[in-house]
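Okay, so the first sequence: first residue is 1 according to the numbering used here, each after it adds one. Below is one structure, written out as structure tokens; comments come after it.
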Amino acid sequence: MENVRVRIAPSPSGFLHIGTAKIALINWLFARQRAGTFVLRLEDTDPDRTEEQYVEAMCEGFSWLGIDWDEGPPFGGVPERGPYAPYRQSQRAQIHRDAAARLLASGHAYKCFCSKEELDAERARAQAGKLPWRYSGKCRALNAEQIAAKRDAAASLRFKTPQSGHTVLNDLVQGPVRWDNQQIDDFIILKSNGDPIFHLAVVVDDLTMKITHVIRGDDHLTNAAKHVLLFEALGGPMPTFAHVPMVLDETGKKYSKRMHGANVLEWREDGYLPEALINYVVLLGWTAGDDKEVYTRAELVRAFSLERLGRSAAKFDLKKLQWLNGQHIRRLSADELRDRVLPILQKAGLDSSGRDPAWLSRMAGICQEKLVTLHDIVKQTDFFFVEPAAYEEKAVQKHWKDVEAAARLETIHRALANAAAWTSDALHADFERLGEAQGGIGKVVHPLRLALTGKSVGPGLFELAELLGKDACLRRVRRAIEFIRAGCIQTVP
RNA sequence: GUCCCGUUCGUCUAGCCUGGUCUAGGACGUCGCCCUUUCACGGCGAUAACAGGGGUUCAAAUCCCCUACGGGACGCCA
């Protein structure tokens, strides 16, 4: 069986973009499933766009998502590793130049002495005439003498594209794609300053790193024609190509860098689980063909297949991500949920340091099924840590407004004080009975919830009461009674 | 402008290769009902799509052609 080698080749010009994450994820899943190798290669040959600071941020994005690489450059504190180092394209220029020299020697490339200004003028003329622009091929016709006469004038290197026939690519996702070679320019592979151009660099790197499957965004589909030509000219084994559709934002536009959520780490900030995000992103263009939608990371590795990748771009849908996030939250154990939620409580200024871990797990457990994002934990549990600072106005109107409100809370207070046992089951039974006397359990439950939490919504009342403890509950009911009495003085003239 | 790719419910998609089983399936969303101490969860139900036009065929979401729309490439950027 073939040893699968795939790569993600981001250019470190920003944070980890959601679209890059999708491509990386697909490569990673494929590699892991086939026990292959996942390579990270930094395409940093454009110094104008590369910034060291982004290297760290991008690494953090990958590691948060759980996308680890087997070979790659020093990146985010991880040392360089792998047999085909270096893995930064900027350090591989000599390898690219050597390949270019071979192409020149084998007649697959030629020197071009046209200046940038000449070419710009040519291009401008073509565009003005609404003609497709392609290099005239002026220097292609130069003979040995003419070239010698140029001596060491600055020259770029162009690829000698066949002038007839066609180039065919059997893309795993897009199917067979065919170009007329006359449509393909004699593109530059080496700048006149000797720097390699992207097309040369990728192909040479993929070749030397023995990449078996080139899985990348479909914005590269038309570039692939040039790459196929280069692979052939270099005499290397042709990798399998898979051009996967990109991720669109909710309006159907290309996911711009400035949009919230474009940066993968923003989802972490917003309380999303990495396993939910990767599950969602992979669903943007892939299904197993059955009705399963919620996958663990391991299940994804098992079920994924390149062949079932869709061919059209997908719009990002926050609602579905939210649903999936809830699904994944519910699949966590109470302990796991507690551990993920603790930093969020901390950040919200709720001090949980005095609570023992088991208690915190139970607290996490009683609101687990109510969370859409991890951040929801704050409004679900803040009252455990601080007494309600205010009572929800609408709930006060509804549950504490009538004349018997205070008296009813006195009754509730008594019931709590005399509770047979301080467990949610026992309390539930007590209030069931109390409710019968009061005209429905709702008559006692809502005023109590408001007294204990200050809100009308939250975790199960008896569960939270049990966790809050008897003393705190009695104190809060007392406080509520005083609040009502004080309020009555104001409202009754 | 030239070339390349795409187009099934609002959204993600199944089905398309190997035409009939599709009065087009699932999921999210939305709406309704049930469960219920709240909010959720869960359950049940409803809603809603084959871009348009030609052709091939007994039969087309599925095959072919054209058009429209969307995207991409056309750089000494990646």
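Just so it is clear, CB atoms sit at the ideal spot from N, CA and C, and this is done for glycine as well. None of these values were measured; they are calculated from a predicted model.
- With respect to the C-alpha of residue 243, the residue from 250, 306 and 484 having the closest C-alpha is 306.
- Under the three-state reduction of DSSP output, residue 299 falls in the helix class.
- The beta-carbon separation of residue 190 and residue 105, rounded to 13 Å, does not stay under the 8 Å limit for a contact.
- Contact between the region 68 to 82 and the region 175 to 183 is absent, with fewer than three C-beta pairs closer than 8 Å.
- Taking residue 392 as the centre and dropping the five residues before and after it, the same chain places the C-beta of 455 and 456 closer than 6 Å to its C-beta, in chain order.
- Taking a cut-off of 8 Å on C-beta distances, the region 4 to 20 touches the region 29 to 37, as three or more cross pairs fall below it.
- Nearest in C-alpha terms to residue 308, of all of 321, 283, 327 and 328, is 283.
- If only complete runs of 4 or more residues are kept, the region 336 to 392 shows the alpha helix (DSSP H) at 357 to 367 and 376 to 385, in order along the chain.
- Residue range 240 to 244 is occupied by the beta strand (DSSP E) that includes residue 241.
- For residue 198, the three-state secondary structure derived from DSSP is helix.
- Taken through DSSP and simplified to helix, strand or coil, residue 286 comes out as strand.
- Of the candidates 56, 219 and 363, 363 places its Cα closest to the Cα of residue 464.
- Per DSSP, reduced to three states, the secondary structure at residue 222 is coil, with no helix or strand assignment.
- Counting along the chain, no alpha helix (DSSP H) covers residue 179; the unbroken beta strand (DSSP E) around it starts and ends at 175 to 180.
- Within the region 87 to 167, the complete alpha helix (DSSP H) runs of at least 4 residues fall at 93 to 105, 116 to 128 and 144 to 149.
- Across the set 426, 24 and 344, the C-alpha of 426 shows the shortest separation from the C-alpha of residue 470.
- By the Cβ neighbour-count rule, residue 182 is exposed, with fewer than 16 other Cβ atoms within 10 Å of its own.
- Residue pairing for residue 38: DSSP places it in a beta bridge opposite 6.
- Pairing residue 139 with residue 113 gives a Cβ-Cβ distance under 7 Å.
- By the C-beta criterion, the region 116 to 134 is judged not to be in contact with the region 225 to 245, since fewer than 3 inter-stretch pairs fall below 8 Å.
- Here the C-alpha atom of residue 378 lies approximately 18 Å from the C-alpha atom of residue 358.
- Bounds of any beta strand (DSSP E) do not take in residue 477; it lies within the alpha helix (DSSP H) bounded by 470 to 491.
- Residue 331 sits in coil when the DSSP states are folded into three classes, being neither helix nor strand.
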